[in-house]
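Asks:
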Amino acid sequence: MSSHLIQSESIQENKVIPNSFFCRPAEEVAPDLIGCELVKRQENGNILSGVIVETEAYSQVESACHGSTRRSKSNETLFGPPGHFYIYLTYGIYHCVNVVTDRDNWASGVLLRALALPGEDERIASGPGLLAQRFGLNRTHDNLPISIENGLWMTNRTFSPAMQKIIRTKRVGISQEKDLPWRWYLQSSRSVSKRAKGDRCPKTSVAWTPSQTDSR
DNA sequence: TTCACGATTCTA
DNA sequence: AGAATCGTGAAG
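Read in order, the letters of the first sequence are residues 462 to 677 in my numbering.
1. Where do the N-terminal and C-terminal ends of the alpha helix (DSSP H) with Val490 fall, by residue?
2. Here's a check: name, in chain order, each residue in its chain whose Cβ is nearer than 7 Å to the Cβ of Trp669, leaving out the five neighbours to either side.
3. Looking at the secondary structure, which residues open and close the alpha helix (DSSP H) in which Thr538 lies?
4. For the stretch 512 to 590, which segments carrying the alpha helix (DSSP H) assignment without a break, of at least 4 residues, lie completely within its bounds, in sequence order?
5. Could you have a look at Leu592 and say whether DSSP puts it in helix, strand or coil?
6. Can you look up Glu498 in the DSSP assignment and give me helix, strand or coil?
7. In three-state terms, what does DSSP make of Arg644?
8. Per DSSP, what are the beta-bridge partners of Ser713 in this structure?
9. For Ala568 versus Gly528, is the C-beta distance shorter than 8 Å?
10. Please list the terminal residues of the continuous beta strand (DSSP E) segment that includes Arg629.
11. Between the alpha carbons of Asn507 and Val522, how many angstroms are there, rounded?
12. Counting pairs of beta carbons, one from the stretch 512 to 521 and one from the stretch 492 to 504, are three or more of them closer than 8 Å?
13. Tell me whether Ile609 sits in a helix, a strand or coil according to DSSP, three-state version.
14. Going by DSSP in three states, Ser510 sits in which element: helix, strand or coil?
15. Return helix, strand or coil for Thr601, following the three-state DSSP convention.
16. Please list, in chain order, all residues of the same chain as Leu641 whose beta carbon is under 8 Å from its beta carbon, the five residues on each side excluded.
17. According to the neighbour-count rule (16 or more other Cβ atoms, all chains shown, within 10 Å of its Cβ), is Tyr552 buried or exposed?
18. So, Thr616 versus Val500, is the Cβ gap smaller than 8 Å?
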């Protein structure tokens, strides 16, 4: 429990990711978010944090994206300005946490699929549904701007990409655009979600380096 | 008002 | 491989 308590460095302003970071295509933001931290200040003042180890990009240009067709009340946030959380309910049970990216009036975002929690069983935040559950995030947090003031923010990557191998591969759990390689995860992390870890497509999983930020 | 389905997860 | 579970959008 105390392992979840504040690491004072997490709260320093200079490490907070600026809004400009999110003003880029989702497929550029997604890999860059690997290694960054999601931080939440809880009611009791304690700080909850976890290192992002798995992400997926979604964009209006492809049909798996919630904003690919209609603009509705439920996906409205995805069309809004970048730097907000887009949180929706899936399978009637789980909430999924996304970060809105790119620009206003353009639906795109990054799904946070897994976090590595400090200490204890880090697998608890493995998978988007459990991640949201662990951080107590739900529809009431939808459209919330990412900021310290709101008690929910993100901090910069703490490791060098050269030291930790990032894998790029296909997204999971979708029925459209299955072949788009818009999923990234930290190879070394035990927290990468289960269904995702069963990478039956090693041929399509490749090491990712910051230079190859190409789109599709 | 009804119906089919899903950016999931756990269990057998 | 299958079930659980329920809000939402589309259809009637």
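Each residue gets a CB set at the ideal place from its N, CA and C atoms; glycine is no exception.
Replies: So, to answer that:
1. 487 to 494
2. Pro492, Ile627, Ile628, Arg629, Trp645
3. 537 to 540
4. 537 to 540
5. helix
6. strand
7. strand
8. Nothing about residue 713 can be reported from this structure: the residues present for the chain run from 462 to 677 only.
9. yes
10. 627 to 630
11. 40 Å
12. yes
13. helix
14. strand
15. helix
16. Glu523, Ala525, Lys631, Arg632, Arg677
17. exposed
18. yes
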